[in-house]
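Enquirer: I'd like to ask you about the structure that follows.
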Amino acid sequence: MNTLEAIAKRVSVRKYKSEQISEEALEKIIKAGCAAPMAMARYDSLHITVVQNEDVMKQIMDATAVFVTKAFGEGKSMDFGEKTLIIVSSTPAIVAGMEYANVGCVLENMLLAATDLGIANIIWGACAIAVDQNEELKKMLGIPEGFKPLLCASFGYAEKEEPAKTHNIAVTRV
């Protein structure tokens with residue numbers, strides 16, 4: 593699959609089969625993330641946490657459900673059945689907000705690599721916020737001092753095939 597095909601085919605998947613992705617695929621996904629562009633080449637400002645332990649995953653999803661209920665007033669499970677969760681954390685950037693751009697670039701590379709490998713995925717923020725608000729989880733996950741979880745992505749094999757979608761964003765040409 594070429595890059596443009598992967599971009600067109602990638603969709604957000606919220607229901608996964610119970611099969612774990614291979615270690616080889618995971619390494620390719622991580623390597624793709626590490627190849628992302630980074631403001632001022634500050635690769636040391638990011639930290640990647642890979643979660644595949646089912647007990648830890650359950651604790652994260654439970655904390656995420658509590659956060660979502662408090663934030664949005666609706667109780668719903670945020671457990672998509674994924675077997676791999678990647679959380680990307682950052683130190684504060686020199687230019688406010690740039691850390692979000694850096695993390696977004698890393699995760700987008702990971703999502704496209706996963707799509708190319710036939711692995712479904714979704715990028716989302718609620719679990720990163722829930723982890724950031726829970727010191728016990730941050731410690732358990734080995735998130736370094738001074739790093740803040742910003743975004744996460746779930747990876748696995750889709751329970752059902754999702755059709756590609758076309759999105760339109762307003763464009764002004766000058």
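Mapping to the numbering used here: the sequence shown position 171 is 763, numbers consecutive. All residues carry an ideal CB built from backbone N, CA and C; glycine is no exception.
1) What is the DSSP secondary structure of N713, reduced to helix, strand or coil?
2) Grab me the residues of F739's own chain with a C-beta within less than 7 Å of its C-beta, minus the 5 sequence neighbours each way, in chain order.
3) What are the boundary residues of the beta strand (DSSP E) that I679 is part of?
4) Verify whether the separation of the beta carbon atoms of A706 and Y749 is less than 8 Å.
5) Can you tell me whether DSSP reads A627 as helix, strand or coil?
6) Should S746 and I721 be called a contact, given that it needs their Cβ atoms to be closer than 8 Å?
7) When the Cα of I679 is compared with those of S669, V648, G667 and K662, which residue comes out closest?
8) From D671 to C697, what distance separates their C-alpha atoms?
9) Can you grab the Cα-Cα spacing for the pair I652 / R765, in whole Å?
10) Relative to the alpha-carbon of I621, which residue among A657, G673 and L699 has its alpha-carbon at the smallest distance?
11) Return the chain-ordered list of same chain residues with a C-beta closer than 7 Å to the C-beta of E674, the five sequence neighbours on each side being excluded.
12) Mapping the DSSP letters down to three states, classify G696 as helix, strand or coil.
13) Applying the 10 Å Cβ sphere with the 16-neighbour rule, what's the burial state of N701?
14) Give every residue of the same chain whose Cβ lies closer than 6 Å to the Cβ of P629, excluding the five residues on either side of it in the sequence, and list them in chain order.
15) Just tell me which of R606, M593 and L596 has its CA closest to the CA of E753.
16) How should F664 be labelled, buried or exposed, when 16 other C-beta atoms within 10 angstroms of its C-beta is the threshold for buried?
17) Quick one: what does DSSP say A688 is sitting in, helix, strand or coil?
18) Excluding the 5 residues flanking I735 on each side, which residues of the same chain have their C-beta closer than 7 Å to its C-beta?
Expert: So, to answer that:
1) Against the sequence shown, residue 713 aligns to sequence position 121. Strand at N713.
2) Position 147 of the sequence shown, counted from the start, is the residue given in the question as residue 739. Cβ neighbours of F739 beyond the five flanking positions: H639, S681, S682 and T683.
3) Here the question's residue 679 lines up with position 87 in the sequence shown. Unbroken beta strand (DSSP E) run through I679: T676 to S682.
4) Position 114 of the sequence shown, counted from the start, is the residue given in the question as residue 706. Position 157 of the sequence shown, counted from the start, is the residue given in the question as residue 749. No; because the gap between Cβ atoms is not below 8 Å, this pair is not in contact.
5) Mapped onto the sequence shown, residue 627 falls at position 35. It is coil, neither helix nor strand.
6) In the sequence shown, the residue the question calls residue 746 occupies position 154. In the sequence shown, the residue the question calls residue 721 occupies position 129. Taking 8 Å as the cut-off, the Cβ atoms of S746 and I721 do not count as close.
7) Translated into the one-based positions of the sequence shown, residue 679 becomes position 87. If we check each option's Cα against that of I679, V648 comes out closest.
8) Translated into positions along the sequence shown, residue 671 becomes position 79. Translated into positions along the sequence shown, residue 697 becomes position 105. D671 and C697: Cα-Cα distance of roughly 24 Å.
9) Taking the first residue of the sequence shown as position 1, residue 652 is located at position 60. Taking the first residue of the sequence shown as position 1, residue 765 is located at position 173. Cα to Cα, the separation comes out at about 43 Å.
10) In the sequence shown, the residue the question calls residue 621 occupies position 29. Taking only the C-alpha atoms, the option nearest I621 is L699.
11) As a position in the sequence shown, residue 674 is number 82, starting the count at 1. Beyond the five residues adjoining it in sequence on each side, E674 comes within less than 7 Å, by CB distance, of Y608, S746, F747 and G748 in the same chain, given in chain order.
12) Stepping through the sequence shown from its first residue, residue 696 is reached at position 104. G696 falls in the helix class under three-state DSSP.
13) In the sequence shown, counting from the first residue as 1, residue 701 sits at position 109. By the neighbour-count rule (16 or more Cβ atoms within 10 Å), N701 is buried.
14) Along the sequence shown, one-based indexing puts residue 629 at 37. Once the five neighbours on either side are set aside, the close Cβ partners of P629 are C697.
15) As a working note, residue 753 is residue 161 in the sequence shown. For the residues R606, M593 and L596, the minimum Cα distance to E753 belongs to R606.
16) Sequence index remark: in the sequence shown, residue 664 carries index 72 (1-based). The residue in question, F664, is exposed, as its Cβ has fewer than 16 Cβ neighbours within 10 Å.
17) On the sequence shown, residue 688 is found 96 positions in, with the first residue counted as 1. In the structure shown, A688 sits in coil (DSSP, three-state: anything other than H, G, I, E or B).
18) The residue you call residue 735 lines up with position 143 of the sequence shown. Only H639, T641, S681 and P741 meet the Cβ criterion.
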